[in-house]
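What follows is a single structure, written as structure tokens, with notes after it.
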């Protein structure tokens, strides 16, 4: 089944149809400027917007300023997370310094220390729902959502039993204090644009 809604294309396939690796081979021919990932066995392709990239770039820059240019920060790189058929491409993922890729040439979710997702209109429900659950289940210590539609950031911390036990919400323009997390940084949001 294919669904075209707002700014996303969604392809639903049964569990037995296509292995994740084969899906991603096919997704390499996605239209330029689209992000593709698999959430719960459903393929999502979303066009990337300037606002999305501007926020992503500022988050990457904050991590580089904090940890240096050699920090293992990835954007839109496939990482398989817990749950049924979850192959996410986080907008920003910080990988442990000593991490190495697995035998398939991918990063392991156990090595992810931080994830940030910038909300896209058609797939925001994934970021607030199944992806948040998968990140908590994976034990990702800090998960940040930047939402240009509501103009706020939410930081989820202290994962436990498939959920985060703490959250902090700030409007764009207010610093997001992550100094009491493993990141030990203050994320400035005053330059985050809105949609």
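Numbering (my numbering), first residue to last: 145 to 339.
Just so you know, even glycine gets a beta-carbon here, dropped at the ideal spot from N, CA and C.
On a predicted model such as this, the values are computed, not experimentally measured, just so you know.
- In chain order, 259, 279, 300 place their CB closer than 6 Å to the CB of residue 287, counting only its own chain and leaving out the 5 sequence neighbours on each side.
- Membership of residue 282 in the alpha helix (DSSP H) is indicated by the continuous run 274 to 282.
- Residue 218 and residue 200 have their C-alpha atoms spaced approximately 11 Å apart.
- Using a Cβ-Cβ distance cut-off of 8 Å, the stretch 266 to 275 and the stretch 244 to 251 are not in contact, since fewer than three pairs of beta carbons, one from each stretch, lie closer than that value.
- Look at the stretch 186 to 265 and you find these whole runs of beta strand (DSSP E), each 3 residues long or longer: 186 to 191, 223 to 225, 230 to 232, 236 to 239, 256 to 262.
- The beta carbon of residue 198 lies closer than 7 Å to those of 337 in the same chain, with the five residues before and after it left out.
- Contact between residue 333 and residue 309 is ruled out by a C-beta separation of about 23 Å, above the 8 Å threshold.
- Annotation: residue 257 to residue 284 spans about 5 Å, alpha carbon to alpha carbon.
- Fully contained in the stretch 286 to 324 are the following beta strand (DSSP E) runs of length 3 or more, in chain order: 286 to 291, 296 to 304, 307 to 315, 320 to 322.
- Setting aside the 5 residues that flank it on each side, residue 291 is surrounded in the same chain by 263, each with a C-beta closer than 6 Å to its C-beta; the list follows chain order.
- Beta-bridge pairing by DSSP links residue 329 to 322.
- CA-CA distance, residue 297 to residue 269, rounds to 15 Å.
- Looking only at 315, 305, 289, the smallest Cα-Cα distance to residue 295 is reached by 315.
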